[in-house]
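Heads up: the structure comes next, in C-alpha cells.
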Amino acid sequence: MSVRVRFAPSPTGFLHIGGLRTALYNYLFAKHHGGECILRIEDTDQTRYVESAEKAIIDMCQWAGFDFDEGPEQGGKFGPYRQSERTELYQTHASILIENGAAYYAFDTAEELEKMRERQQKAGLAPKYDRTIMRNQTTLGEEETNRLLAEGEPSAIRLKVPHTGDIRFSDIVRGEVVFAARDIDDQVLLKSDGYPTYHLANVVDDHLMEITHVIRGEEWLPSTPKHCLLYEAFGWEKPKFAHLPLLLNPDKSKMSKRHGDVFVEDFKNKGFFAEALVNFIALCGWNPSADREIFSMKELIESFALEKVNKAGAIFDYKKLEWMNNQYFRSYDPAVLAPELLEVLKTYDYPTVSLEYAAQVIKLLRERISFVADIPTFGDYMFVRPTSFDEEYKGKHWKPETNANIAPLVGIFESLSDFSNQSLHDVVHAYTTEKQIALKFIIHPLRLMITGKQVGAGMFETMEVLGKEEVLARMKVFLENNP
RNA sequence: GCAGCGUUCGUAUAGCGGUUAGUACACCGCCCUUUCACGGCGGGUGCACGGGUUCGAUUCCCGUACGCUGUACCA
C-alpha cells in the first residue's frame, strides 16, 4: 500500500514556522516513499476561522517549495478537502457511534460544565467530564434523551471512554506509548453547533482519505489515545503515528510570537530564501547523520527517515539560520537575485540602476551580509554618493599629508583605460612602490573618500563596479573639501 | 494537581556497550590581508543526578531532579 500523508492546518491565521516544518516532514516522508502528500483544511472552529488564512497557508507552502498532490485547490478523489464542507460526513459517523454505544448525547451547558470543573478542582481532582452525574444520555435515560432531542435541546455527542484498562499505541518517533483509560476525558466529538471537534473530524477524514501515516506535532500526543479509541469504535485500522518534537523558544517553551518571528511570512519578508529556511527547519529535529549542513530539497527527500527524527524539542537558532541564508546567498547566480534587489531599492530614494549593475553589487557585497535587503544600507554608497564620512575612520586615516599622497592618483586613474580591479591594483602598487609608502596609507583614505565607511568589500573591486567616472568625481570632491 | 513526553558543548546534532566523545553555528586566539568579511589553523566549554546490569556505561534498566506539552463544545 502506497504512503499517504496529510498536512492539516487550521485556518486561524498565518502559517507558523512549526507548522511549516510539520508540512515539510510530511512532504519529505511522502516523496521519499513515492507516496502522496495531501492538504486538508481543518476549519471546524467557526469562532477562530480567519477568511484569508487558507490562502496564506497555501501560498507559504508553495513558496517553501512543496506542492500537495491533493487539496482544496487542486482537488482529488477524496474531497472535499475542507472539513467545513464535510459536516454531514461527521454527523453520520457520530450517529454510528451513538448506535454502537461508543458515544452518547450530552446536554450540559457551558455553565454546568464550568461548575463541574470548579467542584473537581476544589476537591483536588483532575478536571474530567463525569458522565455518571451530568446531564446526558446515560443519566437521563433513552426516553428523556429522545424527548430532549425531539424538542431541539442543544446537545453534543461525547466519546464513551472506558473507565478501566490501558490504551497503547506505537509511535515511530517515541516507541510504545501507554495511557490509562481512566485519565482520558469523554471528549466531545460533535459540538452542539453541528460541527465536529478536531478528534472526530481528524479520525474520520484520515480513514476516509486513506491516510497511512499521521505525522504531527508533539502537542497531539496526549490526545492520540482518544483517536485510537475512535478507530476501534469504528472498527477501522489505525494509521501509523509519528509525533514530532516541538520547535522551542530560547527559554525552551513552545516557540511563540513573544520571542520574535514565528510566521513563515515574517521570515519571507525579512528576506530569507525559501531554500535556506527549508534546509534549516528540516534539520531542527532531524539529521541524516552526515557531517554537512546544506541539503537541497531533493537531497532532503532522498535521506529523510522518520526513524531518525529526534525526541527532544529543538530551540530555534536564529543565528544559524542567518548563516545558512548566507550560504545560499553566496551560491546563487547574482543575475537571478538582481530583480529582487531592484525591488528592494524601490523603497529607497536612490537613482535607478540597471539589472547588470545590481548583479555586480550583489556579487561584490554578499559575503558580508545575509540578505539582499541589507545591500541598500550596508552598501548605500554603491547607489548614492556618501554625504557623511565615518569620523573615527577619518580620524585614523586622514592625516595632514594624506591629501598630497592621494591627489596624484586622480591623474593616474584618469589616464586609465582599463578601470578593472586588476588594473587599479597594479597601478596603485606601482605608485606606492615609487613613493615608498605603505599601501594602507592609500587604501584607507580611498575607502573613506569613496564609500564614507570603514567596512566594505575589496577596495579595487568596489571601485571597478562604481566605475571610473564616479570614483574620480568622489575623489575630487573629497580632496577639495579636505585639503 | 494529574498524565504523557523529554534531558550529549551556549545552540543544532553525531554516537546505537570499549571513541583522545565527532561536526556545524556562536564565542575566543592566531594566520592571510586592504578595514570588515571570506578562507585557513587552533582553543574552550558537554553526556542532568543517583542507583543498578556488565569485565566495561553517554549508550541498557529503575528511580530522582529539572523542563516541556496536554488536561476546552480550540486545533
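Under my numbering, the first residue of the first sequence carries the number 20, and numbering increases by one thereafter. Every residue gets a Cβ at the ideal spot worked out from N, C-alpha and C, and that includes glycine.
Inset, instruction - Find the nearest neighbour of Pro370 within the set Ala125, Tyr46 and Met401, judged by alpha-carbon distance. - result: Here residue 370 refers to the residue found at position 351 of the first sequence. Among Ala125, Tyr46 and Met401, the Cα nearest to that of Pro370 is on Met401.
Inset, instruction - Give the DSSP-derived three-state secondary structure of Tyr369 in the structure shown. - result: Numbered from 1 along the first sequence, position 350 holds the residue referred to as residue 369. Coil at Tyr369, not helix or strand.
Inset, instruction - Taking the CB atoms as reference points, tell me whether Asp62 and Gln110 lie closer together than 8 Å. - result: Position 43 of the first sequence, counting from 1, holds the residue named residue 62. Position 91 of the first sequence, counting from 1, holds the residue named residue 110. Not closer than 8 Å, so no.
Inset, instruction - Quick one: grab the DSSP three-state call for Tyr148. - result: If you number the first sequence from 1, residue 148 lands on position 129. Residue state, collapsed to three classes: coil.
Inset, instruction - State the beta-bridge partners of Glu195 as determined by DSSP. - result: By one-based count along the first sequence, residue 195 stands at place 176. Beta-bridge pairing links Glu195 to Ser189.
Legend entry - For Cys56, three-class secondary structure by DSSP: Reading the first sequence from its first residue, position 37 is the one you call residue 56. Cys56 falls in the strand class under three-state DSSP.
Inset, instruction - Might you give, ordered along the chain, the residues of its own chain that have their beta carbon closer than 7 Å to the beta carbon of Leu384, omitting 5 neighbours on each side? - result: Within the first sequence, the letter at position 365 stands for residue 384. Ile394, Phe397, Gly398 and Ala476, listed in sequence order.
Inset, instruction - Give the DSSP bridge partners of Phe26, in chain order. - result: The residue you call residue 26 lines up with position 7 of the first sequence. Beta-bridge analysis with DSSP links Phe26 to Leu58.
Inset, instruction - Just tell me which of Lys96, Ser439 and Leu167 has its CA closest to the CA of Leu227. - result: Looking up residue 227 in the first sequence gives position 208. With distances taken between Cα atoms, Leu227 lies closest to Lys96.
Legend entry - Gly54 beta carbon near the ligand FAD (any heavy atom closer than 7 Å): Among the ligands in the structure shown, none appear at all, so the ligand FAD cannot be discussed.
Inset, instruction - From the DSSP output, read off the bridge partner residues of Lys276. - result: Here residue 276 corresponds to residue number 257 of the first sequence, with the count starting at 1. As far as DSSP is concerned, Lys276 takes part in no beta bridge.
Legend entry - Per-residue DSSP class, three states only, for Val180: To locate residue 180, count along the first sequence from 1; it is residue 161. Of the three classes helix, strand and coil, the one that applies to Val180 here is coil, per DSSP.
Legend entry - One or two residues paired with Val233 in a DSSP bridge: Position 214 of the first sequence, counted from the first residue, corresponds to residue 233. Phe260.
Legend entry - Delimiting residues of the alpha helix (DSSP H) encompassing Val429: Translated into the one-based positions of the first sequence, residue 429 becomes position 410. That run of the alpha helix (DSSP H) goes Thr421 to Glu433.
Inset, instruction - Just grab the DSSP bridge partners of Gly94 for me. - result: Here residue 94 refers to the residue found at position 75 when the first sequence is read from its first residue. Paired residue(s): Gly90.
Legend entry - the region 416 to 430 contacting the region 456 to 472, beta-carbon criterion three pairs below 8 Å: yes
Inset, instruction - Please classify Gln93: is it buried, with 16 or more other beta-carbons within 10 angstroms of its beta-carbon, or exposed? - result: What you label residue 93 is simply residue 74 of the first sequence in a count that begins at 1. Classification for Gln93: exposed.
Legend entry - Extent of the continuous beta strand (DSSP E) to which Val207 belongs: Looking up residue 207 in the first sequence gives position 188. Per DSSP, Val207 belongs to the beta strand (DSSP E) from Val207 to Leu209.
Legend entry - Under the three-state DSSP convention, the category Ala333 falls into: Counting from one through the first sequence, the residue named residue 333 turns up at place 314. Ala333 sits in a strand when the DSSP states are folded into three classes.
Legend entry - As assigned by DSSP and simplified to three states, the class of Tyr123: Position 104 of the first sequence, counted from the first residue, corresponds to residue 123. Three-state DSSP puts Tyr123 in a strand.
Inset, instruction - Assess, as a yes-or-no matter, whether the region 344 to 359 is touched by the region 272 to 280 under the definition of 3 or more beta carbon pairs within less than 8 Å. - result: Verdict: no, contact absent.
Inset, instruction - Identify, in the order they occur along the chain, each residue of the same chain with its Cβ nearer than 6 Å to the Cβ of Pro215, setting aside the five sequence neighbours on each side. - result: Looking up residue 215 in the first sequence gives position 196. Residues of the same chain with a CB within less than 6 Å of the CB of Pro215, apart from the 5 flanking positions on each side, are Thr63, Tyr109 and Leu209 in chain order.
Inset, instruction - Note down, in chain order, each residue of its chain lying with its Cβ closer than 7 Å to the Cβ of Met190, except the 5 sequence neighbours on either side. - result: Residue mapping note: residue 190 aligns to position 171 of the first sequence, counting from 1. The sequence as given places Asp at residue 190; Met does not occur at that position. Counting only Cβ-Cβ distances below 7 Å, and skipping sequence neighbours, we find Val196, Phe260, Ala261 and His262.
Legend entry - Selected residue, minimal CA-CA separation from Gln379, among Ala301, Lys74, Asn155 and Val484: In the first sequence, residue 379 corresponds to position 360, counting from 1. When each option's Cα is compared against that of Gln379, the closest is Val484.
Legend entry - Own chain residues within Cβ distance below 6 Å of Asp127, not counting five before or after: In the first sequence, residue 127 corresponds to position 108, counting from 1. Once the five neighbours on either side are set aside, the close Cβ partners of Asp127 are Met153 and Arg154.
Inset, instruction - Taking all protein chains shown into account, decide if Thr481 is buried (16 or more other Cβ within 10 angstroms of its Cβ) or exposed. - result: Against the first sequence, residue 481 aligns to sequence position 462. Buried: at least 16 other Cβ atoms inside 10 Å.
Inset, instruction - Determine the DSSP secondary structure at Pro269, reduced to helix, strand or coil. - result: If you number the first sequence from 1, residue 269 lands on position 250. It is coil, neither helix nor strand.
Legend entry - Buried or exposed (CB count within 10 angstroms, at least 16 for buried), Glu237: Here residue 237 refers to the residue found at position 218 when the first sequence is read from its first residue. It counts as buried.
Inset, instruction - Report the option in Glu161, Ala83, Ser275 and Ala492 whose CA atom is closest to the CA atom of Gly290. - result: The residue you call residue 290 lines up with position 271 of the first sequence. Ranking the options by Cα distance to Gly290, first place goes to Ala83.
Legend entry - Same chain only: Cβ atoms within 6 Å of Pro28, ignoring 5 sequence neighbours per side: For the purposes of this step, residue 28 is taken as the residue at position 9 of the first sequence. Around Pro28: Gly38 and Ile76.
Legend entry - Sheet register partners of Ala175 (DSSP bridge): Within the first sequence, residue 175 is the residue found at index 156, counting from 1. Ala125, per the DSSP bridge assignment.
Legend entry - 6 Å Cβ shell around Gln156 - same chain, five flanking residues per side excluded: Counting from one through the first sequence, the residue named residue 156 turns up at place 137. Excluding positions up to five away in sequence, the list reads Tyr123, Tyr124 and Thr164.
Legend entry - Beta carbon of Leu47 nearer than 8 Å to that of Phe26: Numbered from its first residue, the first sequence carries residue 47 at position 28. Numbered from its first residue, the first sequence carries residue 26 at position 7. It is not a contact, given that the beta carbons lie outside the stated cut-off.
Legend entry - Outcome for Asp225 when other beta-carbon atoms lying within 10 angstroms are tallied against a minimum of 16: Taking the first sequence and counting its residues from 1, one reaches residue 225 at position 206. It is buried - the Cβ of Asp225 has at least 16 other Cβ atoms within 10 Å.
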